[in-house]
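To get our numbering, take the position in the sequence shown, counting from 1, and add 316.
The beta carbon of each residue, even a glycine, is placed where N, CA and C say it ideally should be.
Reviewing the structure listed below.
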Amino acid sequence: MINRYLRPHILKLVPYSTARDEYHGPAGIFLDANENPFESRLNRYPDPRQQALRKAVADNRNISHEMVFAGSGSDEVIDLLIRSFCEPGSDKVLVLPPTYGMYAVAATVHNVAVEEIVLNADFQPEVDKVLCSDARLLFLCSPNNPTGNLVERSRIETILDQFNGIVVVDEAYIDFAPGKSAIALLDTHPNLVVIQTFSKAFGLAAARVGLAFAHRSIIDVFDRIKLPYNLGNPSASAALKALGRTKQIENQIKAIIRNREILAQQLAMLDCVEKVFPSDANFLLVRFVDAARVFAHLLKQGIIVRDRSRQPLLEGCLRITVGTAAENRRLIETLKMIV
Ligand SMILES: *Cc1c(COP(=O)(O)O)cnc(C)c1O
Numbered sequence: 317m318i319n320r321y322l323r324p325h326i327l328k329l330v331p332y333s334t335a336r337d338e339y340h341g342p343a344g345i346f347l348d349a350n351e352n353p354f355e356s357r358l359n360r361y362p363d364p365r366q367q368a369l370r371k372a373v374a375d376n377r378n379i380s381h382e383m384v385f386a387g388s389g390s391d392e393v394i395d396l397l398i399r400s401f402c403e404p405g406s407d408k409v410l411v412l413p414p415t416y417g418m419y420a421v422a423a424t425v426h427n428v429a430v431e432e433i434v435l436n437a438d439f440q441p442e443v444d445k446v447l448c449s450d451a452r453l454l455f456l457c458s459p460n461n462p463t464g465n466l467v468e469r470s471r472i473e474t475i476l477d478q479f480n481g482i483v484v485v486d487e488a489y490i491d492f493a494p495g496k497s498a499i500a501l502l503d504t505h506p507n508l509v510v511i512q513t514f515s516k517a518f519g520l521a522a523a524r525v526g527l528a529f530a531h532r533s534i535i536d537v538f539d540r541i542k543l544p545y546n547l548g549n550p551s552a553s554a555a556l557k558a559l560g561r562t563k564q565i566e567n568q569i570k571a572i573i574r575n576r577e578i579l580a581q582q583l584a585m586l587d588c589v590e591k592v593f594p595s596d597a598n599f600l601l602v603r604f605v606d607a608a609r610v611f612a613h614l615l616k617q618g619i620i621v622r623d624r625s626r627q628p629l630l631e632g633c634l635r636i637t638v639g640t641a642a643e644n645r646r647l648i649e650t651l652k653m654i655v
């Protein structure tokens, strides 16, 4: 079923076979990969398919390990999706602004056209319009960056049932949200790819570990076209370790959500603030009376936020990450200094 969306030459591709792909069996004397033989933590090539990590992720997310892919950040997954499904110069991707900028950039890098359908006033996809598109690949972001809201489940399901292409649901912020992951829809929808990441709730932005969950025929395509050793051992180990301290991470998530609600209340009371949008993520989208002035004032005081005011629907809006309680207090104090 997936094959009709794949680029034809990828169906025929014979992938590079690494030394580690060709050897299966007990550890022995490895004279196959031209490594330096003197043992250190890092002298051997890593497992090209990161099986230990994929199994641990599969247990954590309650899914088969054959439906898990790990890459160098979600950005690698986004790039692989375009390389797998979009023929440069003829196929299109569909994005729903205001949303994450990497989808359009990654498509443009490959000379793949980008169709845009702006979200409605509640930051939800216009399902009827989306279903009229003939794009190969649709990127939904839930909770959406930078608006912070979940995409309604019924909209995701209708799109999955009727969209004639691959539907990507980017769940970088799902661990902060009350809603359930779209992973549960994978069994019934082979055209679905769910993206998650270790960069946000798991606290490993520097390690660069992104995840894709999909039907095994899609994971198999990613494995065939990815760089052979796409994830280094230090990063894979850091991710594995994080999965071993889920209690600590759950507590951090709870603290961030608590601090988000306090910050939202305090921001809403300031004269310079017009509106604080509800958030299911670890950031707040805030409309200011004079966003440019607020941005410059904060910058001068050493506080950096993200200016999203030039995106559709987001006039006057800045995106503010929830920091520690002390950082959030500094933010509020600094905003109060604006006259
Ligand atoms: C932060 C973020 C990511 C994470 O990207 P990584 O490459 O995994 O660090 C993915 N998608 C969205 C929407 C994000 O905001």
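Need the endpoints of the beta strand (DSSP E) that residue i sits in, please.
i, result
"Gly387", "384-387"
"Leu466", "No beta strand (DSSP E) holds Leu466; DSSP gives it neither H nor E."
"Glu590", "589-592"
"Arg336", "That residue, Arg336, is in no beta strand (DSSP E); its alpha helix (DSSP H) goes 335-338."
"Leu601", "599-604"
When you compare each of the options to residue i by their alpha carbons, which one comes out closest?
i, options, result
"Leu614", "Asn352, Arg626, Ile648", "Ile648"
"Asp450", "Leu508, Cys457, Val430", "Val430"
"Arg399", "Gly344, Ile534, Ile345, Ile565", "Ile534"
"Ile620", "Glu643, Ala343, Arg626", "Glu643"
"Leu651", "Cys633, Asn546, Arg609, Ile511", "Arg609"
"Glu487", "His381, Pro364, Leu322, Asp391", "Asp391"
"Ile523", "Phe514, Arg471, His531, Ala530", "In the sequence under discussion, the amino acid at residue 523 is Ala, which differs from the Ile named in the question. Among Phe514, Arg471, His531, Ala530, the Cα nearest to that of Ala523 is on Phe514."
"Cys448", "Gly417, Gln478, Tyr489", "Gln478"
"Gly389", "Asp348, Ala368, Met418", "Met418"
"Phe401", "Ile578, Leu327, Val605", "Leu327"
"Val655", "Leu601, Leu629, Val589", "Val589"
"Gly548", "Pro459, Val525, Phe439", "Val525"
"Val428", "Asp407, Gln582, Ala528", "Asp407"
"Glu382", "Phe529, Gly618, Ala343, Pro550", "Phe529"
"Arg624", "Arg323, Phe604, Asp587", "Phe604"
"Val484", "Ala521, Val509, Thr474", "Val509"
"Lys616", "Val467, Met653, Val443", "Met653"
"Tyr737", "Gly560, Leu600, Leu583, Phe538", "Lying outside 317 to 655, the shown extent of the chain, residue 737 is not represented and no answer is given."
"Ala584", "Arg574, Ile572, Leu601, Leu435", "Leu601"
"Val467", "Phe492, Phe439, Asp491, Asp444", "Phe439"
"Pro628", "Lys557, Asn350, Pro353, Leu412", "Leu412"
"Leu369", "Arg323, Ile572, Lys557", "Lys557"
"Gln512", "Phe492, Thr504, Pro506", "Phe492"
"Ala555", "Asp337, Thr334, Lys371", "Lys371"
"Thr334", "Asn319, Asp363, His325", "Asp363"
"Arg336", "Ile569, Tyr361, Glu355, His325", "Tyr361"
Using three-state DSSP, classify residue i as helix, strand or coil.
i, result
"Lys652", "helix"
"Arg609", "helix"
"Ala429", "strand"
"Glu355", "coil"
"Ile636", "strand"
"Asp623", "strand"
"Asp395", "helix"
"Glu631", "coil"
"Arg360", "coil"
"Ala349", "coil"
"Ala343", "coil"
"Ser390", "helix"
"Ser595", "coil"
"Ser380", "coil"
Along the chain, where does the alpha helix (DSSP H) containing residue i start, and where does it finish?
i, result
"Thr562", "562-584"
"Val373", "367-377"
"Ile326", "324-328"
How many whole angstroms separate the CB atoms of residue i and residue j, which I take to be in contact at a CB cut-off of 8 Å?
i, j, result
"Cys598", "Thr637", "Per the sequence shown, the amino acid found at residue 598 is Asn instead of Cys. About 6 Å separates the two Cβ atoms, so the contact holds."
"Ile433", "Leu410", "7 Å"
"Pro414", "Thr463", "6 Å"
"Val592", "Ala580", "5 Å"
"Arg635", "Arg622", "4 Å"
"Leu396", "Gly387", "7 Å"
"Ala552", "Gln366", "5 Å"
"Ile482", "Ile379", "About 18 Å; that fails the 8 Å criterion."
"Asn546", "Ala641", "Between Ala641 and Asn546 the Cβ distance is about 37 Å, and since that is not below 8 Å, they are no contact."
"Leu322", "Ile541", "Rounded, the Cβ-Cβ distance is 10 Å, inconsistent with contact."
"Asn376", "Leu559", "5 Å"
I want to see whether chain B comes within less than 8 Å of residue i, judged by CB atoms only; does it?
i, result
"Thr504", "Chain labels in this structure do not include chain B; a single protein chain is all it has."
Q: Please list the segments of the alpha helix (DSSP H) lying wholly inside the region 470-551, counting only runs of 4 or more residues, in order along the chain.
A: The qualifying runs are 532-541.
(Q) Which complete alpha helix (DSSP H) runs does the region 397-460 hold, if anything under 4 residues is left out? (A) As far as the region 397-460 is concerned, its whole alpha helix (DSSP H) runs of at least 4 residues are 418-425, 443-447.
Q) Which residues are close to ligand 3, meaning CB closer than 6 Å to any heavy atom, in chain order? A) With respect to ligand 3, the structure shown offers nothing to examine, as its ligands consist of ligand 1.
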